[in-house]
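Chemist:
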Amino acid sequence: MNARPFRPPALACLGMLLLAACSSQPLRPDEAMEAAEVAVGKAGTGVAAPDAQGPLSSARGKLDQARAALQALDYPRARRLAEQARADAELSIALADLAKAQARLQQVLPAAAETR
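With mature numbering (1 follows the signal peptide of the UniProt record, and there is no 0) as the guide, the letters of the sequence shown map in order to residues -28 to -1, 1 to 88.
Below, the structure is given as structure tokens:
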């Protein structure tokens, strides 16, 4: 008997195995890293509130760890740390905005009380 009829199915199975192996590779976390870089940069430019310094410091540390994980090709860890750094940076921005709003409110309250 001829073994040729079994080649196409065997090749198809081999091709599917190769595709499955390629798809299991984690993708580089480039978008997460870029978003974290932007958020940490933005947070670092306008944060003067003491309450915002802790999250900003945490964001910077996690971003440094994410860079190291990226260099080590540990993409899942790099992505997770980048996402955490972005969240910490956004918290820092929110706390700084809150402090600014509270300061403005303290300026406006005496004037509002005088008009009564």
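Virtual Cβ for every residue (Gly too), placed ideally from N, Cα, C.
When burial is assigned at 16 or more other CB atoms within 10 Å of the CB, is K72 buried or exposed?
Modeler: Exposed, by the Cβ-count rule.
Chemist: Leaving out five residues on either side along the sequence, give the residues of the same chain with a beta carbon under 6 Å from the beta carbon of A15.
Modeler: Contacts found: L28, A61, S64 and I65.
Chemist: Under the criterion of a Cβ to heavy atom distance below 7 Å, does G33 qualify as lining the ligand FAD?
Modeler: As presented, the structure is devoid of all ligands, the ligand FAD included, so that no description of it is given.
Chemist: According to DSSP, simplified to helix, strand and coil, what is A44?
Modeler: The answer is coil: DSSP assigns A44 none of H, G, I, E or B.
Chemist: Under 8 Å, do A4 and A41 count as touching if we go by C-beta distance?
Modeler: Cβ distance not < 8 Å, so A4 and A41 don't count as in contact.
Chemist: Quick check: the Cα distance between R52 and Q79, rounded to an integer number of angstroms?
Modeler: Computed Cα separation, rounded: 41 Å.
Chemist: From S30 to A85, what distance separates their C-alpha atoms?
Modeler: Spanning the two alpha carbons is a distance of roughly 40 Å.
Chemist: Under three-state DSSP, which class holds R51?
Modeler: Helix, per DSSP.
Chemist: Is it buried or exposed, L67, if we count other Cβ atoms within 10 angstroms and call 16 or more buried?
Modeler: L67 comes out buried.
Chemist: Is R(-1) helix, strand or coil when you go by DSSP?
Modeler: In this structure, R(-1) counts as coil in the three-state DSSP scheme.
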